[in-house]
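Peer 1:
In this note's numbering, the protein residues as written are 208 to 302.
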C-alpha cells in the first residue's frame with residue numbers, strides 16, 4: 208500500500224504567535240493532520256512542522272517541545288487544535 212499526499216495552500220500565513228494561533232483556529236483538520244501527524248513520518252530531525260517552525264522561526268524551543276509532546280495517536284485532531292491554541296495563549300501570558 209502507498210499513500211500520496213496532496214498539499215494545497217490554505218491562504219493562511221503565520222509570522223508570529225498571534226497569527227499562528229489565528230491560522231490554527233481557521234485551518235481544516237486536514238492541515239492539522241498534515242503538520243502534526245504526517246510530518247512525523249516526513250521529518251527525521253524535528254517532531255512536527257509546528258514545533259520546528261516555533262523553534263526555528265519564533266525562537267521558543269520550550270513552547271515547541273510542549274507542542275511536540277501532543278500525541279496524535281491518543282488525541283483527536285480537534286483536541287490537538289484546542290491544546291495547541293491553549294498552549295500558545297498560556298505561553299503568551301507567561302512569557
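Just so it is clear, CB atoms sit at the ideal spot from N, CA and C, and this is done for glycine as well.
All values reported here derive from a predicted model rather than from experimental measurement.
Let's test the definition: count the other Cβ atoms within 10 Å of the Cβ of residue 262 and tell me whether it reaches 16, buried, or not, exposed.
Peer 2: Buried is the call here.
Peer 1: Could you say if the segment 222-242 and the segment 254-273 meet the contact criterion of at least three C-beta pairs nearer than 8 angstroms?
Peer 2: yes
Peer 1: Kindly list the residues whose CB is nearer than 6 angstroms to the CB of residue 290, restricted to its own chain and excluding five residues on each side of it in sequence; keep chain order.
Peer 2: The residues are 277.
Peer 1: Does the beta-carbon distance from residue 274 to residue 294 come in below 7 angstroms?
Peer 2: yes
Peer 1: Among residues of its own chain, excluding the 5 on either side of residue 299, which ones have a beta-carbon nearer than 7 angstroms to its beta-carbon?
Peer 2: 224
Peer 1: Evaluate residue 233 with the Cβ neighbour count: other Cβ atoms within 10 Å of its Cβ, from every protein chain shown; 16 or more gives buried, anything less gives exposed.
Peer 2: exposed
Peer 1: Taking only the alpha-carbon atoms, compute the straight-line gap between residue 246 and residue 297 and give it to the nearest angstrom.
Peer 2: Those two C-alpha atoms are separated by around 25 angstroms.
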